[in-house]
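Single-structure report; data block below.
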Amino acid sequence: MKDCLQELESSLRRRKGGESGFSSEVESYMMSRKKIEKTIRRCFKNLKSTEKNIASAVDAVSMLREVKETSLEIFQSLLSSVYQPKARSSSHGWSVVSKLFQTKRVTCEAEASELEKIDAELLVLKSSKDINPVQVQNVLKGLVAFESDIQEAVEELEAAYRKLLKTRDKMAACHVRSISLPSRSHPLNASVEDQLDRLRSSLTTSTSAYHKLSGLKALYECVEDFLQLPSTQQTLSSEQQKERGKEVLNGSLLLLDMCSTTRDVFSSMKECLQELESSLRRRKGGESGFSSEVESYMMSRKKIEKTIRRCFKNLKSTEKNIASAVDAVSMLREVREKSLEIFQSLLSSVYQPKARSSSHGWSVVSKLFQTKRVSCEAEASELEKIDAELLVLKSSKDINPVQVQNVLKGLVALESDIQEAEEELEAAYRKLLKTRVTILNILSH
Numbered sequence: 002m003k004d005c006l007q008e009l010e011s012s013l014r015r016r017k018g019g020e021s022g023f024s025s026e027v028e029s030y031m032m033s034r035k036k037i038e039k040t041i042r043r044c045f046k047n048l049k050s051t052e053k054n055i056a057s058a059v060d061a062v063s064m065l066r067e068v069k070e071t072s073l074e075i076f077q078s079l080l081s082s083v084y085q086p087k088a089r090s091s092s093h094g095w096s097v098v099s100k101l102f103q104t105k106r107v108t109c110e111a112e113a114s115e116l117e118k119i120d121a122e123l124l125v126l127k128s129s130k131d132i133n134p135v136q137v138q139n140v141l142k143g144l145v146a147f148e149s150d151i152q153e154a155v156e157e158l159e160a161a162y163r164k165l166l167k168t169r170d171k172m173a174a175c176h177v178r179s180i181s182l183p184s185r186s187h188p189l190n191a192s193v194e195d196q197l198d199r200l201r202s203s204l205t206t207s208t209s210a211y212h213k214l215s216g217l218k219a220l221y222e223c224v225e226d227f228l229q230l231p232s233t234q235q236t237l238s239s240e241q242q243k244e245r246g247k248e249v250l251n252g253s254l255l256l257l258d259m260c261s262t263t264r265d266v267f268s269s270m271k272e273c274l275q276e277l278e279s280s281l282r283r284r285k286g287g288e289s290g291f292s293s294e295v296e297s298y299m300m301s302r303k304k305i306e307k308t309i310r311r312c313f314k315n316l317k318s319t320e321k322n323i324a325s326a327v328d329a330v331s332m333l334r335e336v337r338e339k340s341l342e343i344f345q346s347l348l349s350s351v352y353q354p355k356a357r358s359s360s361h362g363w364s365v366v367s368k369l370f371q372t373k374r375v376s377c378e379a380e381a382s383e384l385e386k387i388d389a390e391l392l393v394l395k396s397s398k399d400i401n402p403v404q405v406q407n408v409l410k411g412l413v414a415l416e417s418d419i420q421e422a423e424e425e426l427e428a429a430y431r432k433l434l435k436t437r438v439t440i441l442n443i444l445s446h
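Each residue of the sequence shown is one higher than the last, beginning at 2 in this note's numbering.
Here it is in structure tokens:
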């Protein structure tokens, strides 16, 4: 790029006036630019092909992977700065290549960069037969400035190359490959990734607690197999990775605590539902209403919400105090993060502080248990309906048996959903415990 700029500058300096214009010089510059763009396209194509053929390895040192990915982004950004296919000019397919080299001479508010201006002025020069010396000098000035920026970039790229070469030598000396996890092309890695994708999808859709936890269980079945791989065990047990292996272990303990708390919350939720159901069944009619029963249920809910708030507070404090370590097994860390999201999602399903009712601080807790009986288009979930009906029951002195039966029906359905969730939480807890034991065994060898 610098060479073709210099050639154009030289041509412009040699011919500051005349009648023939700069058609040939600009055309030559354009041809050089096209060659550069062709090289970039080939580079992008090769990069895409390489990334497709080479499995995205789960590095033993995830920081190096992040460094690598960021470096690739930088290089692609540099290449894109001189090739923007989506912003091609209608004249001779010129690309507007102004992203990177906007020097201090050009303010952020400017509508066009120096290079965009150069492109525009060169197009005018190309089509003009009468040469304007001032215009030529303006183009030259822009080209010199841009060349200076290009030169700086060339120097920095050379320095970057030396750094990369030095880093590669150090990695080879440390035998990084001997402590690397298998590539993502391994079937077990693909299985974990597939389960993670399903979990991500479940977090963004109104799936049931059962579905979420079934997905979590399936995920940990894959993780268990993943941990049995010799290369995985080698990574976690290697001296270089001891500390990061401990982080994975600490993460599993955090997951166990979260799962245990979630399980306790759901158990408490089930109990308070059962108590309310029992109260409603005992008193199907009368004059005094259900004020005390509903108040008792509300108090139980408040206790549950207090537990959840404490859990979230502790989790936030833990995440703030624990350094975001460079995970030796980034896949396991991602599993941990997604698992925490699942548990937080489950807890949030029975506690929504931003959607609290104005009456007695009730929370609208309807996200999770939307069963097949309730369509996605419904404005309120079964739990929201129950909450609303219970508020009516609480304030009503005259009891309507039909209304009571409707509430009971909803409570039974909700209890069934919670029962399913509780069973899946128990299974998930066993999976988490088994995973933790496996990690402990690996680290103890």
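Glycine included, every Cβ here is placed at the ideal spot set by N, Cα and C.
Taking the alpha-carbon positions, what's the Glu427 to Leu333 distance?
21 angstroms
For Glu338, which option in Leu256, Val438, His446 has the closest C-alpha, if you only look at C-alpha atoms?
Leu256
Can you check whether the CB of Ala429 is closer than 8 angstroms to the CB of Lys218?
yes
So, helix, strand or coil for Asp265, using DSSP?
helix
If I measure Cβ to Cβ from Gln275 and keep anything under 6 angstroms in the same chain, skipping five residues before and after, which residues do I get?
Setting aside the 5 residues that flank it on each side, Gln275 has no residue in the same chain whose C-beta is closer than 6 angstroms to its C-beta.
If Glu425 sits next to Leu204, beta carbons under 8 angstroms apart, how far is it from one beta carbon to the other, in whole angstroms?
Actually they are not in contact, since the Cβ atoms of Glu425 and Leu204 sit about 16 angstroms apart, beyond 8 angstroms.
Starting from the Cα of Leu434, find the closest Cα among Ser192, Met259, Met299 and give me that residue.
Met259
Chain-order list of residues whose beta-carbon lies under 6 angstroms from that of Cys312 (same chain, five-residue window excluded):
Thr262
Beta-carbon proximity of Lys432 to Tyr298, cut-off 8 angstroms
no
Would you kindly check if the distance between the Cβ of Glu423 and the Cβ of Phe267 is under 8 angstroms?
yes
To the nearest angstrom, how far is the alpha carbon of Gly286 from that of Thr206?
Any answer about Gly286 is weak, because its pLDDT of 49 lies below 50 and its placement is not dependable; what the coordinates show is given next. Gly286 and Thr206: Cα-Cα distance of roughly 40 angstroms.
Nearest-angstrom Cα separation, counted from Leu347 out to Glu416:
15 angstroms
Inspect the beta-carbon positions of Ile443 and Met270 and report whether they are closer than 8 angstroms.
no
Is it right to say Leu441 is buried, meaning 16 or more other beta carbons lie within 10 angstroms of its own, or is it exposed?
exposed
Please tell me whether Thr439 and Glu194 are closer than 8 angstroms, where the distance is taken between their beta carbons.
no
Indicate whether Leu392 and Val408 have their beta-carbon atoms separated by less than 8 angstroms.
no
Please classify Val403 as buried or exposed, where buried requires at least 16 neighbouring CB atoms within 10 angstroms.
With a 10 Å radius around the Cβ and a threshold of 16 neighbouring Cβ atoms, Val403 comes out exposed.
What separation, rounded to the nearest whole angstrom, lies between the Cα atoms of Leu412 and Glu296?
16 angstroms
Excluding the 5 residues flanking Lys386 on each side, which residues of the same chain have their C-beta closer than 8 angstroms to its C-beta?
Gly411
Is Leu281 closer than 8 angstroms to Glu272 when the C-beta atoms are compared?
no
For Lys317 and Ser397, what's the separation of their Cα atoms in angstroms?
41 angstroms
Excluding the 5 residues flanking Cys223 on each side, which residues of the same chain have their C-beta closer than 7 angstroms to its C-beta?
Excluding residues within five positions, the ones whose Cβ falls inside 7 angstroms are Leu189, Ser192, Val193, Gln196.
For Arg283 and Asn251, what's the separation of their Cα atoms in angstroms?
48 angstroms
Where Gln235 falls: helix, strand or coil (DSSP)
helix
Measuring alpha carbon to alpha carbon, tell me which residue in Asp265, Asp198, Ser279, Ser202 is nearest Glu306.
Asp265
Between Glu335 and the rest of its own chain, which residues show a CB-CB distance below 8 angstroms, the 5 nearest in sequence each way excluded?
Leu197
Is the beta carbon of Ile309 closer than 8 angstroms to that of Leu200?
With contacts defined by Cβ atoms closer than 8 angstroms, Leu200 and Ile309 do not form a contacting pair.
Three-state class that DSSP yields for Ser397 in the structure shown:
coil
Using CA atoms only, rank isn't needed, just tell me which of Leu230, Asn315, Glu421, Leu277 is closest to Met300.
It is Leu277.
With a 10 Å radius around its C-beta and 16 neighbouring C-beta atoms as the bar for buried, classify Trp363 as buried or exposed.
Since pLDDT at Trp363 reaches only 39, below the 50 mark, its modelled position is unreliable, and no value is offered.
Which of helix, strand or coil does DSSP assign to Gln229?
coil
Distance between Leu230 and Lys303 (C-alpha atoms, nearest Å)
46 angstroms
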